[in-house]
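Chains as they are written, first to last, in the numbering used here: chain H, 1 to 283; chain V, 1001 to 1411.
Written below as structure tokens is the structure these notes are about.
Here it is in structure tokens:
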């Protein structure tokens, strides 16, 4: 090619070596950012294109969950919001970020199966569809957040200057979402068992995380372990502090969850890169 | 400077093919491998070897063909170069962006419109948005989908999907363009356009790796090539040599008269051979050379006036040469239980390829068969290839008769 863009064409060597370099993964993700962006846009389009309610689904889902929660946990089980906040405000503050986590895991985990046709025909970093699928839920999260803020006067949530922590918390919650979605996507391609187990596991995750109940239900001395084992617990609790109670996140819990989810993410990419080598041969 | 380099590349598919497994079978497999390792046995390699230590190099700007029968490993090689699947052994090296076109409608997402697909596919190929924008109209025009550009691709015909896929891949300036059989679909006009487009890419200095059964397209587009069979490198070099080798490979096979299942009539053919006019047995002739076909027959009794017919074909229906006693009336008066029949043809005005020799024996009155049609032998005619762009393929697949001729063109 004579055009300037091709003056120094990228050289690649493709062999059977099993080394995994995080630096190369990062470099490729950056190089293919437009590709990831396209995958995100595509998921978004495909998701809402043939739905009559369209983007309204982003509002309907958390509201439906909220109704159930308020009736079951708030009414029947009698869980209180505590600290002068209604249960509705309390539940919604964790439901909105949880929606992002669960949709991100379900769709990110399914992304490679959806794009099996592309895997067989085109080269691109194999994690791109997964990252794109998770990224495509950012608008849903934003809509949920707006809904929450609009509803704040009704639900009685304390909203204050602590809102500035929301971006930080959001970045933090992307880590465990990817940490689970990335290896699941690879596993699901190898073993379809995962595809069937995934929705079930996500449902279990909802109850294993402090969404419907406050983390204070768990004994003080066990809380740190909980935040380590459940890598979203610290983030959800942080969101709850900021979006319902109007206080700063619990930095200790947030730190523990970030630590464990970062370790998970690195491990997840390692697994993904190892399994990736056989993707095109098995789909 | 090389642009693509296969260094001793092997590819083994697990378990006899590409397929996904269950956790159970995977665990069993794992246990078996671990067991073998504990007993310090050599790990037994299972699965199909699709490529077996293949090496070749493609120069920058060269167009290169992969030729071979079905299942030879051509598509596997392309998939390795396109970085779609990973080699089991060896290294695949490439310089530059690879644009790959495999199968119908490659990478076209059916829920999205043509417009959205161009953007998606372009960015999947890692192409900057500015370049996609610059090329957009050209792609739409080439694919002939102007009116359907905002229609979801699922409402496209398969031909439109193919055209869209090819147009995107071929217009976004890849440094290395990989094409697999894509031209065999689509109407004649579009195929011609694709060949033209590929020719332009070649002229512009794009490295092209081409797989097709359209041998004349291969001959006119490619400079060099490699022929593989069952994953192994058979020959590589200038495209005309490789094509000639491939054509010979495809047509050549031995004839085993003894176990021939049709050889059960009243008259059976025992031996058959081809000879030069000097009597020496041979199976390669030059155009215009003479040939003698010798056959020995066996029958349970003596025969009166058996009518022998010999024909020659080039693998396609219809005889090219026919010499028949039922026509010329030269049947022998009486033959014993074993007899020999020689047919002498003074000149074979035939073009290069493999010819089959067939024989049939009819009764004296020509009303019944003593021996059914049987292929008894074959021979090749070899002529030096011409200088034209389709010399090898036209000589091998065109009309079979060689005539002395010259052109006289005036204006």
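Quick reminder that beta carbons are idealized off the backbone N, C-alpha and C, glycines included.
Q. Closest Cβ-Cβ distance between residue 1001 of chain V and chain H: below 8 Å?
A. no
Q: For the stretch 174-190 of chain H and the stretch 97-116 of chain H, state whether three or more C-beta atom pairs, one from each stretch, are separated by less than 8 Å.
A: yes
**Q.** Amino acids of chain H, ordered along the chain, whose beta-carbon sits closer than 8 Å to that of residue 1100 of chain V
**A.** 121, 122 and 123
Q) What is the DSSP secondary structure of residue 1407 of chain V, counted as helix, strand or coil? A) coil
Q: Would you list, in chain order, the members of the stretch 1148-1160 of chain V that have their beta-carbon closer than 9 Å to a beta-carbon of chain H?
A: 1152
Q.
Does the CB of residue 12 of chain H have a neighbour CB from chain V at under 8 Å?
A. yes
Q.
Cβ closer than 9 Å: which chain V residues qualify as neighbours of residue 110 of chain H?
A. Those do not exist, as residue 110 of chain H stays about 15 Å from chain V at its closest Cβ, beyond 9 Å.
Q.
Threshold first: 4 residues or longer. Then list the alpha helix (DSSP H) segments lying entirely within the stretch 89-164 of chain H, N to C.
A. 116-121, 128-135 and 138-155
Q.
Just to confirm my understanding: we take residue 1093 of chain V, look at its own chain, exclude 5 residues before and 5 after, and list those with CB closer than 6 Å. What are they?
A. These residues qualify, in order along the chain: 1005.
Q: Report the option in H:141, H:98 and H:108 whose CA atom is closest to the CA atom of residue 288 of chain H.
A: With chain H represented from 1 up to 283, any question about residue 288 of chain H goes unanswered, as that position is not in the structure.
Q | At least three beta-carbon pairs within less than 8 Å, the stretch 1321-1331 of chain V to the stretch 1280-1289 of chain V | A | With contact defined as three or more Cβ pairs closer than 8 Å, the stretch 1321-1331 of chain V and the stretch 1280-1289 of chain V are not in contact.
Q. Under 8 Å between C-beta atoms, does residue 32 of chain H make it to chain V?
A. yes
Q) Rounded to whole angstroms, how far is the Cβ of residue 165 of chain H from the Cβ of residue 242 of chain H, which I believe are closer than 8 Å? A) 5 Å
Q) CB-CB under 7 Å to residue 1326 of chain V, same chain, minus the five flanking residues each way: which ones, in chain order? A) 1307, 1309, 1362 and 1366
Q) Do you know offhand how far residue 200 of chain H's Cα is from residue 25 of chain H's? A) 30 Å
Q: Using alpha carbons as the reference points, say which of V:1226, V:1067, V:1354 and V:1364 lies closest to residue 1383 of chain V.
A: V:1354
Q | Bridge partners - residue 214 of chain H, DSSP secondary structure assignment | A | Beta-bridge pairing links residue 214 of chain H to no other residue.
Q: Give every residue of the same chain whose Cβ lies closer than 8 Å to the Cβ of residue 1074 of chain V, excluding the five residues on either side of it in the sequence, and list them in chain order.
A: 1066, 1067, 1068, 1180, 1211 and 1228
Q: Please classify residue 1193 of chain V: is it buried, with 16 or more other beta-carbons within 10 angstroms of its beta-carbon, or exposed?
A: buried
Q | In DSSP terms, what residue 1051 of chain V is bridged to | A | According to DSSP, which records beta bridges pairwise, residue 1051 of chain V is partnered with V:1011.
(Q) Is there a C-beta anywhere in chain H that falls below 8 Å from the one on residue 1294 of chain V? (A) no
Q.
Would residue 21 of chain H pass as an interface residue toward chain V - the criterion being a Cβ-Cβ separation below 8 Å?
A. So no, residue 21 of chain H is outside the interface.
Q. What does residue 1350 of chain V reach in chain H if we use C-beta pairs closer than 8 Å?
A. The contacting residues do not exist; residue 1350 of chain V stays about 44 Å from chain H at best.
Q. When you compare only the Cα positions, how much space is there between residue 1269 of chain V and residue 1370 of chain V?
A. 11 Å
Q: Compare the C-alpha of residue 1188 of chain V against each of V:1174, V:1163 and V:1201 and name the closest.
A: V:1163
Q.
Per the DSSP calculation, residue 1355 of chain V is bridged to which residue(s)?
A. In the DSSP assignment, the residues bridged to residue 1355 of chain V are V:1379.
**Q.** Any chain V beta carbon closer than 8 Å to residue 280 of chain H
**A.** yes
Q. From residue 257 of chain H to residue 1024 of chain V, what distance separates their C-alpha atoms?
A. 33 Å
Q) Under three-state DSSP, which class holds residue 1396 of chain V? A) Residue state, collapsed to three classes: helix.
Q: May I have the straight-line CA-CA distance separating residue 1133 of chain V from residue 1140 of chain V, to the nearest angstrom?
A: 11 Å
Q. Looking only at C-alpha atoms, which of H:131, H:60, H:75 and H:122 sits nearest to residue 96 of chain H?
A. H:60
Q) Smallest Cα separation from residue 99 of chain H: which of H:87, H:57 and H:123? A) H:57
**Q.** Within-8 Å CB hit, residue 268 of chain H to chain V
**A.** no
Q: Could you have a look at residue 282 of chain H and say whether DSSP puts it in helix, strand or coil?
A: helix
(Q) Are the CB atoms of residue 1167 of chain V and residue 1190 of chain V within a distance shorter than 8 Å? (A) no
**Q.** Delimiting residues of the beta strand (DSSP E) encompassing residue 1311 of chain V
**A.** 1307-1313
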